[in-house]
Amino acid sequence: MKNLVLAIFTSLVTQPFCNSDSFVLCNTYNFNHLTSKTNLNIDTSAKKMRNFVIEISKYAKEINPDFLIIPQNGIELCFNELEPSNGFHSNYMNSIDGIGVESLFKHDSTETTNNRLKSLRILKDYKKVFVSDYQQKGLLTRTVSSKNKKEGFASFPRDKENYDYIKIPTFVSQENKNDILTINDVKNYLYLINYSNFESKKQLLENIKNTNYDLILIDLFFFKEQFTKEEINSIKVKKNGGSRLVISYLNIGSAEKFRYYWKSKWKLGSPGWLEKKYEGYDDEIWVKFWRRSWRKIIYGNNNSYIKKITDAGFDGAYLDNVEAYYFLKFD
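Using the working numbering, read the sequence shown as starting at 1287 and increasing by one per residue.
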């Protein structure tokens, strides 16, 4: 969710994994500006992240076959060898249910917008696209929502007062009374993972119940108190009576010091997989996500994050910091 977007794209042609139609992508993925050694490190690390997401999905769907997996950013992981000209990576595409991106239509990044938009226009035919846009001027939120609607993306626009996903906006893009039974039914969503504006869990839940968002994206915990299955089920109905989906935020690329798994003796470099300072976020450290110790925290056992999310009755998980592979070299 940190608006760390890889804007490294060049002209290419792609072929989808499930048919023989071809599409032209201009200014898509390229590492021409990198050394071959760095390129190899990134390619290797990207494969590890892709496998990580696939393994998370496999574990979650063994528990609940309908469980949704939505990685945020790292769009290029959808393609073989990170190159759209090599077609979709079928295992990865089959393991995910949607794609999340941040700041697609940010007012000061036209070139980046055009680059990513070309990829998303291909991906949207196969996976639901969720766009969390940031606009410094609140008046632009409706304009951004219109752009996302035109593209067929689910939209969550936010202004500078909601940079950290701390508010419930009164404006709901494409508000509707529909029952949301599948991810493809979603037209809008609420992205709310900072609860500083709420004095209690009850207050938070009541505020969410009073909305008509198609999908609710929240954290598994209200500060350090985990939501119960009953509480999550209570917000699966919109104010207007329509059903909706509720998914949980999950950071898989960096460790957060305020989480249940964090140990007081931990620090940068200890354990060894706490690899790199996360600039701008003092409570987070980039992790060597391919390490077994980190993966055990995320999935595969009864105390893992994914198991807690499924037990709490969430419909899916929104995987953040998927692009961590770009900031770390694989060892």
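Positions of the beta carbon are idealized from the N, C-alpha and C atoms, including for glycine.
For W1576, the three-state secondary structure derived from DSSP is coil.
Inclusion of V1387 and V1417 in the CB contact set at 7 Å is warranted, their separation being smaller than that value. Put simply, the segment 1354-1363 touches the segment 1377-1386. At least three CB pairs are less than 8 Å apart. Taking the Cα positions, R1407 is about 13 Å away from K1435.
When only Cα atoms are considered, N1448 and K1392 end up about 14 Å apart.
Distance between D1471 and V1532, taken at the CA atoms: about 13 Å. The residues W1559 and E1561, in chain order, have a CB closer than 6 Å to that of K1574 in the same chain once the five nearest residues on each side in sequence are set aside.
Residues of the same chain with a CB within less than 7 Å of the CB of N1372, apart from the 5 flanking positions on each side, are F1365 and N1366 in chain order. Residue pairing for D1419: DSSP places it in a beta bridge opposite P1443. Along the segment 1527-1596, the beta strand (DSSP E) occurs as fully enclosed runs of 3 or more residues at 1531-1537, 1540-1542, 1560-1563 and 1570-1573, listed in sequence order. Only residues of its own chain outside the window of five on either side were considered, and among them D1465, I1466, L1467, K1522 and V1523 have a CB closer than 8 Å to the CB of S1529, listed in chain order. About 27 Å separates the beta carbons of L1506 and S1331, which is beyond the 8 Å limit, so they are not a contact pair. Fewer than three pairs of CB atoms, one per stretch, sit closer than 8 Å, so the segment 1562-1571 makes no contact with the segment 1490-1504.
Taking C-alpha positions only, E1511 is separated from I1502 by approximately 18 Å. In the three-state reduction of the DSSP assignment, P1357 falls in the strand class, which pools E and B. Beta-bridge pairing by DSSP links D1606 to N1537. Pairing W1572 with F1509, the inter-Cα distance amounts to about 21 Å. If you draw a straight line from the Cα of N1588 to the Cα of I1342, it comes to about 14 Å.
Annotated three-state conformation of E1388 is strand, per DSSP. For the 7 Å CB-CB criterion, L1536 and A1603 form a contact. No Cβ-Cβ contact shorter than 7 Å links K1463 with N1401. Comparing alpha-carbon positions, the option among K1515, V1339 and K1334 lying closest to I1355 turns out to be V1339. The beta carbon of G1438 sits closer than 7 Å to the beta carbons of K1410 from its chain, once the five residues preceding and following it are set aside; these are given in chain order.
In the three-state DSSP reduction, L1476 falls in the strand class (E or B). Looking at the backbone, the Cα of E1570 and that of K1543 are separated by about 6 Å. In the DSSP secondary-structure assignment, I1382 is not bridged to any residue. Scanning S1381, I1518, S1405 and N1377 for the CA closest to the CA of F1353 turns up S1381.
In the DSSP assignment, V1523 is bridged to S1529. Under the criterion of beta carbons closer than 8 Å, F1484 and L1476 do not qualify as touching, at roughly 13 Å. By the Cβ-count criterion, N1519 is exposed, with fewer than 16 other Cβ atoms from all chains shown falling within 10 Å of its own Cβ. Under DSSP, F1374 shares a beta bridge with F1365. Just so you know, the alpha carbons of E1369 and N1607 end up roughly 20 Å apart. About 10 Å separates the beta carbons of I1584 and I1595, which is beyond the 8 Å limit, so they are not a contact pair. If you look at I1504, you'll find it in the beta strand (DSSP E) that goes L1501 to I1504.
If you compare the alpha carbons of D1450, K1433 and S1482 with that of G1566, the shortest gap goes to D1450.
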